[in-house]
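Note that this note's numbering has the sequence shown beginning at -5, numbered continuously upward.
Everything below concerns the one structure shown next.
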Amino acid sequence: MLNAVIISVVVMIVLSLLRVNVVLAILFAALTAGLTAGMSLVDTTNLLVSGMGEQANTALSYILLGAFAVMIGYSGITGFLVRHLIRVLKGKKAFMLLTIAAVASLSQNVVPVHIAFIPILIPPLLHLFDKMKLDRRGVAASLTFGLKAPYVMIPAGYGLIFHGIIADEMTANGMAIHVGQVPLAMLIPGLGMVFGLFVAIFFTYRKDRQVNELTNDEIAASEESNLTFNRYHIFTIVAIIAALAVQLTSNSLVLGALTGIVIMFLAQVVPFNEGDKVVNDGIKMMGMIAFVMLIASGYAKVLTETGAVADLVESSAEALGGNMFLGALMMLLVGMLITMGIGTSFGTIPVLAALFVPLALALGFSPLATAALIGTAGAIGDAGSPASDSTLGPTAGLNADGKHNHIWDTCVPTFIHFNIPLFIFGLVAALLL
């Protein structure tokens, strides 16, 4: 019988490519996984719903961040950034994309706010992108690179968490490795992402692309609105700093976003009678990503409970015959399938480590090579997955005006430019280390 993971992931990918709404695509994939594994439709649905609760905190965080982002836009402070960028970066598309990738990278390590910056920074820049005829697929690639590559390579912020999970899970499953060794193992796979970014910026998306014809009024608004700095802008900066400080000290995106919202209301940057509007607009901006994260969590629960993941790895191991190259190839393929479905590298690592470490020991892989395989297998599929926040985040910002498609403008470009290099460079790392 075909494995439930393979069948359900194929269903999700095909439906997504056919432009079926991503929520429905994941829902049908989850139901397919349960039915293929012999579960009843009712049991599968109940399991799906019970698993959704595991991402409730994340979903609430995204909704509040969306409302906070709308408030920041309401203050007009982003007009200064847009006006300055229009003057400095006019005609410099490659520099713009590299700058976006750098800012996104800071969100993972230096200031670990993850995707929280996207709804604040990107929507005000959409007019600028259109005026420059910048291909938004290149922007999506730059954002996804910044959300992903730093935690793959750099042992700080989210990267330290990612590397720590790899080291802890490998040690717990019988192959000891120090967390300080993991960055060395992940360096080569990470360089594959750098290669993919440069291909996207300097080759694939270097040409002009007009996605939205601007009116003269829109151009004028993007260049000339809110030119006077006032006390509301100062309060907005205070709210942003306070939200960041609370988020970092409490490790809670919910409290951080709520802090910023309260300050914006108390300082009258946003009048109380506009409260309903900004919250509704915030839900419009981030509600979709929040619900996708919820249903993706339920899908992951279904895959885990069916035992299909373990069956997939066990059947793969039987077909290897002790061949290290085939073993590495199979582990990376399995990792990509699992992560594409679940949509999270961090959540995939414990599953992969439990299944891959015994296999790696049997095939004779070193701890460094095994860490490279597990880390890369977990990372492959994060870019390109319809259910990943590494793709949902960029889409939430780039589709603020309804001109950016999640699957064809974010998932497919990031899959091509990051998953393929990750696969090749990860395979090289496993065989060299």
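Note that CB positions come from ideal geometry on N, CA and C, so glycine has one too.
CA-to-CA distance, residue j to residue i, given in whole angstroms
i	j	result
Ala24	Ser379	15 angstroms
Lys125	Leu92	18 angstroms
Ser219	Gly70	In this prediction, Ser219 has a pLDDT of 47, which is less than 50 and means its spatial position is unreliable; what the coordinates show is noted afterwards. Approximately 8 angstroms, taken between the alpha carbons.
His411	Gly184	13 angstroms
Ser55	Ala356	43 angstroms
Phe417	Ile374	7 angstroms
His227	Ile114	14 angstroms
Phe294	Leu21	This sequence places Ala at residue 294; Phe is not what is there. Taking the straight line joining both Cα atoms gives about 11 angstroms.
Ile160	Phe123	38 angstroms
Leu128	Leu386	20 angstroms
Val14	Val173	41 angstroms
Met334	Asn274	31 angstroms
Val8	Ala302	20 angstroms
Ala53	Thr389	16 angstroms
Ala50	Ala423	37 angstroms
Leu426	Asp162	23 angstroms
Met90	Asp395	20 angstroms
Leu181	Phe419	9 angstroms
His121	Leu392	11 angstroms
Ile213	Ile289	With a pLDDT of 49 at Ile213, under the threshold of 50, the modelled position of that residue is not reliable, and no figure is offered here.
Gly132	Ser244	34 angstroms
Arg225	Ser246	28 angstroms
Cys405	Gly329	17 angstroms
Phe409	Lys278	26 angstroms
Lys86	Leu119	14 angstroms
Ala88	Pro415	20 angstroms
Thr298	Ile343	13 angstroms
Ala233	Leu327	45 angstroms
Spatially closest choice to residue i from the options, by CA coordinates
i	options	result
Ala431	Val296, Thr253, Ala424	Not covered by the structure: residue 431. The range shown for the chain is -5 to 427.
Asp383	Ala424, Phe111, Ala261	Phe111
His400	Ser2, Phe197, Ile0, Leu12	Leu12
Leu178	Thr370, Asp129, Gly391	Thr370
Gly168	Pro361, Ile231, Phe192, Val133	Pro361
Ser339	Ile368, Ala322, Leu41, Gly60	Ile368
Ala58	Val193, Met258, Tyr152, Thr165	What sits at residue 58 in the sequence shown is Leu, not Ala. Checked all of Val193, Met258, Tyr152, Thr165; the closest Cα to Leu58 is Met258.
Ile195	Arg130, Asn317, Ala394, Thr26	Arg130
Asn413	Thr404, Lys397, Trp402, Asp376	Asp376
Gly67	Val272, Ile155, Pro415	Val272
Tyr152	Val232, Asp403, Leu242, Ala251	Leu242
Phe229	Arg203, Gly250, Val256	Val256
Glu268	Asn40, Ala61, Leu327	Ala61
Ala251	Ile109, Val97, Leu35, Leu41	Ile109
Beta-carbon proximity of residue i to residue j, cut-off 8 angstroms
i	j	result
Val5	Gly292	no
Ser99	Pro149	no
Ala95	Pro407	no
Gly254	Ala239	no
Gly45	Thr38	no
Met65	Val264	yes
Val176	Ala365	yes
Ile1	Leu331	no
Met318	Phe350	no
Ala322	Leu421	yes
Phe285	Val3	no
Leu353	Gly372	no
Met164	Ile155	no
Ala31	Thr198	no
Gly276	Ala63	yes
beta-carbon residue i near the ligand GDP non-hydrogen atom, thresh 7 angstroms
i	result
Thr253	Although the ligand GDP was asked about, the structure shown includes no ligands whatsoever.
With a threshold of 8 angstroms, are at least 3 pairs of Cβ atoms found where one atom belongs to the segment 188 to 196 and the other to the segment 129 to 139? yes
What ranges does the alpha helix (DSSP H) occupy inside the segment 96 to 146, keeping only unbroken runs of at least 4 residues that lie completely in it? 112 to 115, 120 to 126
Start-end ranges of the alpha helix (DSSP H) lying completely within the segment 215 to 296, minimum 4 residues: 225 to 244, 247 to 260
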